[in-house]
Amino acid sequence: MRVESLYQFNEDWSALLAQSYQSIEADGVFAEMAANSLGEPQPDLSVQLYNPSHSKDRFENTALTIDGRVGALKLVYAGAYFVRNVEQVQDYTNYARSTYLDFYQCANPNPATPATAQCFTPGSSWRDLERNTHQSHELRVSTPGDWPIRGIGGLFYENYLIQEQVDWFYLTALPYFNPIGPPTGYYSLNGSQFQPDGSPVHFYTPGAVFVPAPVTSGNPNIRPPGVGFFNDITRGYQQRAAYASVDFDLIPTKLTLTGGTRYSRTDTSEVGSSVGGFGCRLTAGAPNPCLNHSNFVNLNAEGLDRTFSGFRSRANLSWKVTEDALLYYTWSQGFRAGGFNRAPSPPSGNSPLTKGPDPSQVQASTHGSWTPPQVFAPDSLTNNELGWKTRWLNHRVQWNGAIYQEDWNQAQIDVFANDVINNGVILNGGNYRVRGIETSGVAHVTTGLNIEAGAAWNHSELVKEATFLWADGIPIDFGTLQTARGRKVSNPGGVLGSPLAGAPPFQGSIRARYEFAFNGYNAFAQLGAAHQSHSLSTTDQLRVDLQRKSIAYDLPAFTTYDAALGVGKNAWLVQVYAENLTDTRAELYGNYAQWYKAITVSRPRTIGLHFSYKFGGS
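Take a look at the structure:
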């Protein structure tokens, strides 16, 4: 639902207030599994899961825009407040394939005699409760468009907060775990010491500063039975920015130079805790509930607050060759702020990045274990673009296009490789380069018939690999690393020459629309097609190599069609539309993250009826 109200104070000042509300409830998952966990084929659009999955997603947004003038200057204020609440429950039974199956789901396992272990159902799930709030304010001032030197400037502020509680139900039917909760007592600010007796003084370190526990973000309560691990985290950022841009006519109405810059300061932070069930198995005198600090990560003590600041600029030179042809060159910069990973620790088990007795761990034992970074830095994008905008045949044909190069440096890459890095982390990867050309056109073929088309060709590749260091500062040579099972270990930040995920070499679309009148009504018929070539769904070559399931991340080319018929008169319009006419099963995203191939596919053929009415007009 969306409601807007416009109030016109006078000819120069107005205010627009808008309120939006949306609530969605969905059952199931948005992916299909071509085969079950045994590798046996399954019917289309089916999955093999062991717990119900559902989501509830609700948001409200209030926005205010004020337009006005002070003398010759135009002023605009835009502010908004957004609140979103999400609850998700998903099956996680495939966690049973991971390292900790025996701890969470088997009674007194003995690796030497595994047949004697008593294991319970591996069925597990997770529940995520998330609340997002976003507040933004912008004040912008601009000069008239007919001045020889024109300018625009403004101030911007935003505050974004995510409060998240995630409970992992690993324990299922186990009768020998007590419920877990945030530990009590006092914690040192550096997170290294614990004082369970309630005293803020620790005799080992006189003068140390301690803070009371539990350290939680939103839920200090004991978790329900079955929860073996939980996160209670609040993260977010505040951004303050100022920007300015100036247009200068080098040759009036012919050649214009534009230059602008934006300075921003982003303060990002993360607080809360992660709590597990280690130490909570029932033994003589085991606490109930289990408030065990040995498996507690105090994020408040990690100092997870960073400031990222700097200038990002742009420049443009446009040349109006004729009344129907314009050429331009644009140089621009962009970035994403950095953030935080879970508390870092060297990978466990037989990871080749960790010291240990396995032959695959020789380099790590020599140079010291690699530890994932707790903080990942901003990445940056620089764009160079040469383009044109033209009109032909008395404006019956319009043809636009651009040739560009984009350099994406220190790309933030999401990495999940269970054999090498235990947890999913975000790393600053290497540098990618994208070179491409895009074009679009509109043709008024005859009275009532218009054809629109667009296409883009792109070539993307990693031009510089990221460097990761052992504990002694020596660069890791991934070309010589193997896992204990003999599988190669690729650079987790990307392999030289590999393409970007989600960057198909070709995308194109075409649409024809015929408008006509009959018996006093206005009608139209429309037909369109869109094509996308082969692409990849991940740049994490390490994950692909370890799982030996590269096919799970290859997305084949596809073509879809749509159509619409409509009729209207005066203020009303009725149209029948059909999306994905041929019911193409396009693969939009694929992965093998939970040890099975899951593919997110396009929406099926959708046929609908749309009605609109314009009040107060025709």
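For the sequence shown, our numbering begins at 24 and goes up steadily by one.
Built from N, CA and C at the ideal position, the CB exists for glycine as well.
Three-state class that DSSP yields for residue i in the structure shown
i      : result
SER388 : helix
GLY502 : helix
GLU325 : helix
LEU273 : strand
ALA586 : strand
GLN111 : strand
ALA440 : strand
PHE126 : helix
GLN16  : The structure shown does not extend to residue 16, since the chain is modelled only from 24 to 641, so the question has no answer here.
TYR266 : strand
ALA494 : coil
GLN356 : strand
SER240 : coil
PRO64  : strand
TYR544 : strand
SER383 : helix
ASN59  : coil
PHE334 : strand
ARG81  : strand
ARG433 : One point to set straight first is that residue 433 is Gln, not Arg, in the sequence displayed. Residue state, collapsed to three classes: coil.
ASP402 : strand
Straight-line gap, residue i to residue j (C-alpha atoms, nearest Å)
i      : j      : result
ALA49  : LEU184 : 25 Å
ASN406 : SER165 : 25 Å
GLY639 : THR413 : 37 Å
THR377 : ASP563 : 20 Å
LEU611 : VAL52  : 14 Å
PRO64  : ARG608 : 17 Å
LEU322 : ILE256 : 8 Å
THR582 : CYS303 : 54 Å
LEU596 : ASN545 : 9 Å
ALA100 : ALA425 : The displayed chain sequence assigns Tyr, not Ala, to residue 100. Their Cα atoms are separated by approximately 33 Å.
THR469 : PHE541 : 18 Å
PHE634 : MET24  : 16 Å
ILE499 : PHE491 : 6 Å
ILE497 : ALA324 : 29 Å
TYR115 : GLU161 : 43 Å
CYS313 : TRP431 : 47 Å
ALA553 : ILE622 : 20 Å
GLN397 : PRO167 : 48 Å
PRO515 : LEU578 : 21 Å
ARG81  : PRO375 : 44 Å
PRO528 : SER556 : 6 Å
VAL269 : THR276 : 16 Å
GLY631 : ARG419 : 33 Å
TYR615 : TYR576 : 8 Å
VAL70  : ALA267 : 52 Å
THR605 : ALA140 : 53 Å
Close Cβ partners of residue i (< 8 Å) along its chain, the five nearest in sequence each way excluded
i      : result
ASN244 : GLY204
LEU278 : ASP272, LEU340, SER341, TRP342, LYS343
ASN423 : GLY410, TRP411, LYS412, THR413, THR462, SER463, GLY464
Spatial neighbours of residue i in its chain, beta-carbon cut-off 7 Å, leaving aside the 5 residues before and after
i      : result
GLN360 : Sequence inspection shows Ala at residue 360; the Gln mentioned does not correspond to that position. Only TYR260, THR289, THR291, PHE331, PRO401 meet the Cβ criterion.
TYR427 : ASN406, ASN407, GLU408, GLY459
Among the options, the one whose alpha carbon lies nearest that of residue i
i      : options                        : result
GLU181 : PHE501, VAL250, GLY102         : GLY102
GLN42  : ALA54, VAL52, LEU29, ASP35     : LEU29
GLU408 : GLU461, LEU450, ASN451         : GLU461
VAL298 : GLN188, THR353, PHE358         : GLN188
LEU38  : ARG92, THR279, PHE82           : In the sequence on display, residue 38 carries Ala and not Leu. The option with the nearest alpha carbon to ALA38 is ARG92.
ARG258 : GLN421, PRO247, GLY241         : GLY241
SER521 : PHE271, ILE499, SER560, GLN549 : SER560
LEU550 : LEU588, PRO515, PRO528, PHE529 : LEU588
LEU40  : MET56, SER46, THR85            : THR85
PHE126 : LEU194, THR276, GLY591, GLU153 : LEU194
LEU349 : LEU519, SER69, ASP606, GLN421  : GLN421
GLY525 : ALA548, GLY543, GLU484, ALA507 : GLU484
PRO247 : GLN262, ASP190, TYR600, ARG329 : ASP190
LEU280 : PRO369, ASP347, GLY174         : GLY174
Cut-off 6 Å between Cβ atoms - residues of its own chain near residue i, not counting five sequence neighbours on either side
i      : result
GLY602 : Position check: residue 602 holds Glu in this sequence, whereas Gly was assumed. ASP585, THR629, listed in sequence order.
SER388 : LYS378
GLU475 : VAL465, ARG534
HIS482 : ARG458
GLY471 : TYR537, GLU538, PHE539
THR156 : VAL106, LEU184
GLY221 : Below a pLDDT of 50, predicted positions are generally treated as unreliable, and GLY221, at 45, falls in that range; the measurement from the model is reported next regardless. Taken in chain order, the list of residues that qualify is empty.
8 Å contact criterion, which residue i and residue j should meet: CB distance rounded
i      : j      : result
SER148 : PHE179 : With 8 Å as the limit, SER148 and PHE179 do not qualify as a contact, their Cβ atoms being about 41 Å apart.
ARG335 : GLY300 : Not confirmed; about 45 Å, so no contact.
ARG337 : GLY372 : Between GLY372 and ARG337 the Cβ distance is about 48 Å, and since that is not below 8 Å, they are no contact.
ASN117 : TYR619 : 7 Å
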